Amino acid sequence: MRKNRNDIIEYLNKCQNCYSAVLNSNHKSEIQFIKFKRIFENIIILGVSNSDMKYFDCTANKNISVVIWNQIEGYQLKGYKISKEDEHEYCSEIEKFKNSFKDSSIELSKISLVLCYINDIYNVTPGKFAGKLVK
């Protein structure tokens with residue numbers, strides 16, 4: 025198990041399994057697989073297909089949950105979606121996210137970005153720390 029937040033963020037940025045959950049306008053959960061993500065100190069940037077943006081644009085509230093894991097070790101990030109008006113505060117993180125795809129065949133024009141502020145990180149790895157808040 026990772027001991028501190030920086031180790032956890034480094035680990036999560038390497039993980040392949042990532043899902044997000046939001047409440048839709050009918051207060052039902054919408055779960056989405058997230059193919060592209062990057063976690064910084066207090067935010068996570070999700071790269072979703074343009075067609076999947078509808079799930080993030082019509083949420084009942086701004087709250088979002090993201091679960092990321094590799095094999096058995098995993099974590100849940102809870103926070104809220106950053107409004108389009110406030111995204112300008114995270115220009116350097118957005119550029120770093122985009123630059124991470126420079127040498128790939130991924131077309132950024134087909135990816136929409138969802139920025140989320142991370143309030144809390146919970147351990148979801150089975151065992152005695154499952155469900156516990158990471159400090």
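Remember, the numbering used here sits 24 above the position in the sequence shown when you count from 1. Glycine is no exception: its CB is placed at the ideal position from the N, C-alpha and C atoms. As the structure is a prediction and not an experimental result, all values here were calculated from the model.
Shown here, E65 sits in coil according to DSSP, grouped into three states, outside any helix or strand. Going by beta carbons, Y114 and T149 fall outside the 9 Å limit. Taking the CA atoms as reference points, K120 sits about 30 Å from K156. R62 is the residue among Q56, E34, T83 and R62 whose C-alpha sits nearest the C-alpha of I118. Taking all protein chains in view, the Cβ of K108 is surrounded by fewer than 16 other Cβ atoms within 10 Å, so the residue is classified as exposed.
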